[in-house]
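Asks:
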Amino acid sequence: MDIELVKCECCGLKEDCTQDYISEVKLKFEGKWLCGLCSEAVRDEVNRGNSKASDVEEAMRAHMSLCRKYKSNPAIRVADGMRQMLRR
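Under the working numbering, the sequence shown has 39 at position 11, and the numbering climbs by one with no breaks.
Set out below in structure tokens:
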């Protein structure tokens with residue numbers, strides 16, 4: 029069983045996975061490998077049935093956009109974290 033290091037195309041997380049698992053995930057997400065957290069977020073968007081995210085491709089595009097926004101500007105992460113903390 030070969031173990032391979034693979035990087036999530038949304039958030040950039042790296043994981044050690046078997047080639048079979050990598051292939052299975054890529055089949056579900058149109059050739060893109062997503063980590064478990066991102067794949068669940070995409071599935072949730074699809075299951076919600078929002079008109080913008082009615083299919084996997086649209087849901088992935090929306091989630092990738094969100095991930096890029098947070099990775100590109102650390103201040104957004106801090107501000108969002110403070111907002112969530114204040115809500116509690």
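Note that beta-carbon positions come from the ideal geometry of N, C-alpha and C, so glycine has one too.
1. Between which two residues does the beta strand (DSSP E) carrying residue 32 extend?
2. Quick one: is residue 107 buried, meaning 16 or more other Cβ sit within 10 Å of its Cβ, or exposed?
3. Quick one: measure Cβ to Cβ for residue 95 and residue 63, integer angstroms, because I've assumed they're closer than 8 Å.
4. Taking DSSP as the reference, what is the three-state secondary structure of residue 38?
5. Measure the alpha-carbon distance for residue 29 versus residue 114 and round it to whole angstroms.
6. Between residue 51 and residue 100, what straight-line distance do the alpha-carbon atoms span, to the nearest angstrom?
7. Under a Cβ-count criterion, where at least 16 other Cβ atoms within 10 Å of its own Cβ denotes burial, should residue 68 be classed as buried or exposed?
8. Could you give the first and the last residue of the continuous alpha helix (DSSP H) run that contains residue 54?
Replies: Quick answer:
1. Taking the first residue of the sequence shown as position 1, residue 32 is located at position 4. Element bounds for residue 32: 31 to 35.
2. Translated into the one-based positions of the sequence shown, residue 107 becomes position 79. Result: exposed.
3. Reading the sequence shown from its first residue, position 67 is the one you call residue 95. Reading the sequence shown from its first residue, position 35 is the one you call residue 63. 10 Å between Cβ atoms; not a contact.
4. Taking the sequence shown and counting its residues from 1, the one referred to as residue 38 is at position 10. Residue 38 falls in the coil class under three-state DSSP.
5. Here residue 29 is taken as the residue at index 1 of the sequence shown, counted from 1. Here residue 114 is taken as the residue at index 86 of the sequence shown, counted from 1. Residue 29 and residue 114: Cα-Cα distance of roughly 47 Å.
6. In the sequence shown, counting from the first residue as 1, residue 51 sits at position 23. In the sequence shown, counting from the first residue as 1, residue 100 sits at position 72. Going from the Cα of residue 51 to the Cα of residue 100 covers about 29 Å.
7. Numbered from 1 along the sequence shown, position 40 holds the residue referred to as residue 68. So residue 68 ends up on the exposed side.
8. Taking the first residue of the sequence shown as position 1, residue 54 is located at position 26. Per DSSP, residue 54 belongs to the alpha helix (DSSP H) from 47 to 56.
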